[in-house]
Amino acid sequence: MSSPSQNLFSGPKNVRWYPVFMGLSGAFFWLAIFFLYFQSKLSLAEVLRLEAIYYFSVFLLEVPTGYFSDKFGRVKSLRLSAILFLVSYITFFFADSFLSFSFAQVFLAGGIAFQSGTDTAFHYASLQTMDDGDSYADRESRIGAILNLSGGLAAFLGGISAMFMLGSAYALSALATLFSLFITFFVFKEPSCAASRQSLAFRPQLYEIKQAFTMPILRFLFLTSLFMTILVHIPYEYYQNFIRSFLNTTSIGKLSYVNPTWVNGLHAAIAMTIAGFFSGFASKINRYLGVKKSVLLAIATLVIITFFMSSFLEWWVVILVLFRSAPYSFLSPILNAEIVPRLESHLQATYLSIQSMLGRLGFGIVLLVMSFLEGTYLDYLKYGAGLGLFLFCLTLYFSMRLKEA
Numbered sequence: 001m002s003s004p005s006q007n008l009f010s011g012p013k014n015v016r017w018y019p020v021f022m023g024l025s026g027a028f029f030w031l032a033i034f035f036l037y038f039q040s041k042l043s044l045a046e047v048l049r050l051e052a053i054y055y056f057s058v059f060l061l062e063v064p065t066g067y068f069s070d071k072f073g074r075v076k077s078l079r080l081s082a083i084l085f086l087v088s089y090i091t092f093f094f095a096d097s098f099l100s101f102s103f104a105q106v107f108l109a110g111g112i113a114f115q116s117g118t119d120t121a122f123h124y125a126s127l128q129t130m131d132d133g134d135s136y137a138d139r140e141s142r143i144g145a146i147l148n149l150s151g152g153l154a155a156f157l158g159g160i161s162a163m164f165m166l167g168s169a170y171a172l173s174a175l176a177t178l179f180s181l182f183i184t185f186f187v188f189k190e191p192s193c194a195a196s197r198q199s200l201a202f203r204p205q206l207y208e209i210k211q212a213f214t215m216p217i218l219r220f221l222f223l224t225s226l227f228m229t230i231l232v233h234i235p236y237e238y239y240q241n242f243i244r245s246f247l248n249t250t251s252i253g254k255l256s257y258v259n260p261t262w263v264n265g266l267h268a269a270i271a272m273t274i275a276g277f278f279s280g281f282a283s284k285i286n287r288y289l290g291v292k293k294s295v296l297l298a299i300a301t302l303v304i305i306t307f308f309m310s311s312f313l314e315w316w317v318v319i320l321v322l323f324r325s326a327p328y329s330f331l332s333p334i335l336n337a338e339i340v341p342r343l344e345s346h347l348q349a350t351y352l353s354i355q356s357m358l359g360r361l362g363f364g365i366v367l368l369v370m371s372f373l374e375g376t377y378l379d380y381l382k383y384g385a386g387l388g389l390f391l392f393c394l395t396l397y398f399s400m401r402l403k404e405a
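In terms of our numbering, the sequence shown has 133 at position 133, counting the first letter as 1, and numbering is strictly consecutive.
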């Protein structure tokens with residue numbers, strides 16, 4: 001049990017190192033080449049099933065890991081996350097079959113699940129120990145910008161390294177994870193014992209979360225997050241193939257120094273820089289548009305991007321796809337700032353894990369269905385655009401029924 005004096009000391013230290021930790025843990029050097037790496041050893045259908053394994057694994061792990069975080073502490077959860085990330089990257093580096101890639105995906109899902117929700121709850125609790133909880137929304141917005149910028153740089157460097165060896169991007173991610181693991185063990189301290197004192201058994205905790213859904217705004221934000229998790233991943237899954245196909249149809253792609261790996265890395269870096277810019281203005285966007293209009297704008301943008309990717313293999317679509325991460329990047333801090341303060345501290349990580357779990361389950365089902373359909377990745381993008389239009393209409397309907405927010 002931590003003492004008040006320890007909380008006073010650990011709060012500022014946690015807050016100071018939290019952006020560094022997030023930058024390192026989010027340094028996905030493999031982000032721009034993972035699909036190409038998988039396809040170099042597996043068929044397209046196997047790649048889609050492999051991705052479905054990841055999303056189903058996150059689905060199965062999200063709630064138990066969220067409960068673990070609420071019950072046993074944020075820092076323990078972040079340590080386990082870093083360990084699983086490290087094991088995953090090492091396994092990816094040496095993987096050479098569908099089975100070995102599947103194990104790597106499960107470990108990666110574990111790393112994501114143990115961090116999901118815990119990171120933002122850890123940040124909020126650390127600020128509360130400093131009596132600075134009101135700055136949470138603006139800080140989350142700035143950290144989102146940092147995360148996108150560092151992630152973009154990592155993706156670019158990973159794309160360059162992949163020119164020489166595709167798996168090297170995972171080795172770089174493993175190195176960054178080692179540093180984040182060091183921070184969790186030797187820098188971070190549990191910000192407060194309040195969550196562990198209040199933590200309930202799993203079933204009563206789920207009952208409290210069910211009670212929280214009596215708030216209409218929380219139900220709306222929950223559905224919004226679910227839809228966004230599905231839609232943002234559709235262009236994310238296929239942009240690597242899209243850019244490679246574009247290069248293959250132009251004279252640019254015939255140049256000896258043009259390689260899809262570094263081009264994808266550069267594209268991802270620019271996309272994440274743009275996303276970081278929008279994330280930095282999340283609070284202002286929310287104040288100007290409000291929650292409902294921000295949600296509708298984000299979903300509509302993703303639907304438009306997916307539709308144009310499915311219909312036009314042109315240079316201007318390549319530019320448009322640079323904005324694929326922007327909607328989620330400005331909306332995610334808005335959702336966190338609206339959701340977290342409405343929940344008791346002992347419910348936050350579990351609630352956010354359930355929210356993330358169902359979104360990933362939804363996208364896992366979409367991938368699994370697509371893997372059994374005939375067609376190219378362009379056909380899959382068309383299916384995604386149609387699904388996006390349907391989800392936009394649902395969101396519009398629910399937003400019209402919600403009182404002004």
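C-beta atoms are modelled at their ideal positions from N, C-alpha and C, and glycine is treated no differently. Note that this is a predicted model, so its numbers are computed, not measured.
{"Check": "So, at 6 Å on beta carbons, what are the nonlocal neighbours of R360 in its own chain, with the 5 sequence-adjacent residues on each side left out?", "Outcome": "Y55, V58 and F59"}
{"Check": "Within its chain, find whatever has a CB closer than 8 Å to the CB of S173; leave out the 5 residues flanking it on each side and keep chain order.", "Outcome": "A27, F28, F29, W30, F85, Y89, A154 and G158"}
{"Check": "Within 10 angstroms of the Cβ of R16, are there 16 or more other Cβ atoms? Answer buried if so, exposed if not.", "Outcome": "exposed"}
{"Check": "So T273 is in the alpha helix (DSSP H); what residue range does that whole segment cover?", "Outcome": "P260 to G280"}
{"Check": "So, is M357 buried or exposed, given that buried needs 16 or more other C-beta atoms within 10 angstroms?", "Outcome": "buried"}
{"Check": "Please check the pair Q105 and S25, which I expect to be a contact at CB under 8 Å, by giving their CB distance rounded to whole angstroms.", "Outcome": "At roughly 18 Å, the Cβ-Cβ gap does not stay under 8 Å, so Q105 and S25 are not in contact."}
{"Check": "With H, G and I counted as helix, E and B as strand and the rest as coil, what does DSSP make of R287?", "Outcome": "helix"}
{"Check": "Suppose the cutoff is 7 Å on Cβ atoms and the five residues either side in sequence are ignored; what does the same chain contact list for I274 look like?", "Outcome": "L322, F323 and A326"}
{"Check": "Between the region 273-288 and the region 136-152, do at least 3 Cβ pairs fall closer than 8 Å?", "Outcome": "yes"}
{"Check": "Mapping DSSP to helix, strand and coil, what is R49?", "Outcome": "helix"}
{"Check": "Taking 8 Å as the limit between beta carbons, can you name the residues of its chain near S102, skipping five residues before and five after?", "Outcome": "L50 and I53"}
{"Check": "Are the CB atoms of V317 and F308 nearer to each other than 8 Å?", "Outcome": "yes"}
{"Check": "Just curious, the alpha helix (DSSP H) that G375 is in, first and last residue?", "Outcome": "G375 -> no alpha helix (DSSP H), and no H or E assigned at all."}
{"Check": "Just to confirm, is the Cβ distance from F398 to F220 under 8 Å?", "Outcome": "yes"}
{"Check": "Ignore the nearest five residues each way along the sequence and tell me which others in A45's own chain have a CB closer than 6 Å to its CB.", "Outcome": "S371"}
{"Check": "Measuring CA to CA, which of T91, V75, A169 and Y124 is closest to I339?", "Outcome": "Y124"}
{"Check": "Report the rounded CA-to-CA distance for I305 versus L320, giving the unit in angstroms.", "Outcome": "7 Å"}
{"Check": "Report the CB separation of I243 from A282 in whole angstroms; it is logged as a contact under 8 Å.", "Outcome": "About 27 Å; that fails the 8 Å criterion."}
{"Check": "For A109, collect the residues of the same chain with a Cβ closer than 7 Å to its Cβ; drop the 5 residues on either side in sequence, then sort them by chain order.", "Outcome": "Y54, S57, V58 and L61"}
{"Check": "Return the chain-ordered list of same chain residues with a C-beta closer than 6 Å to the C-beta of Y207, the five sequence neighbours on each side being excluded.", "Outcome": "none"}
{"Check": "Assign V187 to one of three DSSP states: helix, strand, or coil.", "Outcome": "coil"}
{"Check": "Among T65, L42, F72 and A137, whose alpha-carbon lies nearest the alpha-carbon of S97?", "Outcome": "L42"}
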